[in-house]
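Accompanying notes for the structure given below.
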Amino acid sequence: MISYPDSVPGFHLNGLVTCLRAEGVPCDQILEAHRVSPQALALPGARVPRAVMAAVLLSLRAYTGRDDLGFEMGMQTDLTKAPLLGQLFLSSRTLGDSLQRVAPYMPLLTPSFKMTCAYRDDQQLIVSMKPVRPIPYDIAKLALETFVVGACRTMQRLLPHHAIALQALVSWPRPTHHHRYAALPHTQITYQADLNEMSACLVLAKDVAATALPQANEALSAELRDACARQLQLLEGLHPWAEWISHILDVVEDHLPSLAELAGLMGISVRTLTRHLETEGVSFRALAMDIRHRRACALLSGTDMSISEIARILGYTDSANFSRAFKRSAGLSPQHFRERMGTG
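Numbering (our numbering), first residue to last: 34 to 377.
Following this line, the structure appears as structure tokens:
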């Protein structure tokens, strides 16, 4: 049985397949062969079962014959786009603060790895990533390379006017695509194939770690840390399926995924997903109706969109169906609600 904590965010994979698709790789067919909907993968907040992610990556490597997919995935990854963690990264005061604050919540991004972040001799900030679950060597190496490249790229994009000097220590031999690391300026890569465990470390000098971030907001950072802590509890909580579905339905702007799409995204059947929700005492219909109503209220009160356009966005076949459903929930029609809110 697949559980929410056994899945990972899909934005890494989506970035990779978008790149490979442009090069002519039949990514959609490969995804669908593993029961992953390309459309669902592109949704904000999409998650993919760990086993499915590994299988897709191995299939992509087999098809392309490339050993640099971890590097490529890192190049396509912007860690500031990660749900919650990206905002926490951006809102921190300095580069070092951002890494230290994100580290405890790395399970939100990948439950298979642990991130530690600490100063050594008060001179260097050491950021380390190691597997905490049994993972095939090739997949662990690919994931760690994605982390190294993605983190370096993210920091250099975020601070384009600073020479962010980084040292990366990785526990695998020098790859055939080593030349590609020239795309990461001021980054020194050291290969340590003699290490007994898979790992990757980034080393930042103290002055580099002290670099101020342009979007620092300590109040927001504190709120985001609280949100990350709650989300981490959710991953270990009793209602992960309902919360995950509510999150997906809440963040998608112009399309409400169906139960079938959500089940396909997790690699399970509609019946299995329905059973998970029943165990938690909820139904997809109730969750969708609640999200629809809250979004309808927001669109009616916060935009000048027509009622027919709002109905379309919310997935209704026509505005009459939307009006009836809204009136059942709110006790008044969409137009009267809008007038009462002073936006009609």
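For glycine and all other residues, C-beta sits at the position ideal for the given N, C-alpha and C.
Boundaries of the beta strand (DSSP E) in which residue i is found, first to last residue
i, result
"S40", "S40 to P42"
"M148", "F146 to R153"
"V203", "L199 to V203"
C-alpha gap between residue i and residue j, whole angstroms
i, j, result
"K147", "L217", "24 angstroms"
"Y170", "G375", "60 angstroms"
"A245", "M188", "12 angstroms"
"E313", "W274", "8 angstroms"
"Q200", "L142", "23 angstroms"
"E342", "T350", "11 angstroms"
"S36", "G335", "Note that S36 scores a pLDDT of 46, beneath 50, so its modelled location is shaky and nothing firm can be said."
"Y378", "T220", "The structure shown does not extend to residue 378, since the chain is modelled only from 34 to 377, so the question has no answer here."
"M338", "L332", "7 angstroms"
"Q120", "Q264", "14 angstroms"
"P137", "A249", "19 angstroms"
"G103", "D283", "31 angstroms"
"L112", "R328", "28 angstroms"
"L365", "R373", "10 angstroms"
"L235", "Q156", "14 angstroms"
"D154", "C60", "47 angstroms"
"K12", "R371", "Because the chain spans 34 through 377 in this model, residue 12 falls outside it and cannot be assessed."
"A73", "H195", "37 angstroms"
"P77", "H212", "33 angstroms"
"Q368", "L191", "44 angstroms"
"G297", "R68", "6 angstroms"
"L175", "C150", "21 angstroms"
"D101", "A79", "24 angstroms"
"Q266", "E276", "12 angstroms"
"K239", "A319", "51 angstroms"
"S92", "F355", "43 angstroms"
"V160", "A233", "8 angstroms"
"G48", "E311", "34 angstroms"
"E105", "I340", "44 angstroms"
"V165", "A95", "26 angstroms"
"V81", "T209", "29 angstroms"
Residue i, DSSP secondary structure in three states
i, result
"Q266", "helix"
"M162", "strand"
"P218", "coil"
"V69", "coil"
"S36", "For S36, the pLDDT reaches just 46, beneath the cut-off of 50, and the residue's location in the model is therefore unreliable, although a value from the coordinates is still provided. The answer is coil: DSSP assigns S36 none of H, G, I, E or B."
"M139", "helix"
"L192", "coil"
"L235", "strand"
"Q62", "helix"
"A245", "strand"
"R357", "helix"
"R80", "strand"
"Y349", "coil"
"Q157", "strand"
"L49", "helix"
9 angstroms Cβ cutoff met for residue i and residue j
i, j, result
"A115", "F44", "yes"
"L412", "T307", "With the chain represented from 34 up to 377, any question about residue 412 goes unanswered, as that position is not in the structure."
"V392", "L64", "Outside the modelled stretch of the chain, which goes from 34 to 377, sits residue 392, for which no answer is possible."
"A260", "L123", "no"
"A173", "M231", "yes"
"L347", "L295", "no"
"M322", "A353", "no"
"E56", "G107", "no"
"P71", "V50", "yes"
"A198", "L158", "no"
"L46", "M86", "yes"
"R134", "R258", "yes"
"R83", "P140", "no"
"S362", "H326", "yes"
"V182", "T97", "no"
"I324", "S254", "no"
Residue span of the alpha helix (DSSP H) that contains residue i, given as start and end
i, result
"R345", "I340 to I346"
"D24", "Since the displayed the chain opens at 34 and closes at 377, residue 24 lies outside it and no answer follows."
"S213", "It should be pointed out that residue 213 corresponds to Arg in this sequence rather than to Ser. From DSSP, R213 is part of no alpha helix (DSSP H); its letter is neither H nor E."
"I324", "F317 to G335"
"G119", "L118 to S124"
"L306", "V303 to T312"
"R371", "P367 to R373"
Closer than 9 angstroms to chain C by CB, residue i
i, result
"A249", "Absent here is chain C; the protein component of the structure consists of one chain."
*Would the region 243 to 261 and the region 112 to 128 be scored as touching if the rule is three or more Cβ pairs under 8 angstroms?*
Yes, they touch.
*Are at least three pairs of beta-carbons, each pair with one atom in the region 205 to 212 and one in the region 223 to 233, less than 8 angstroms apart?*
The count of Cβ pairs closer than 8 angstroms, one atom from the region 205 to 212 and one from the region 223 to 233, reaches three, so the stretches are in contact.
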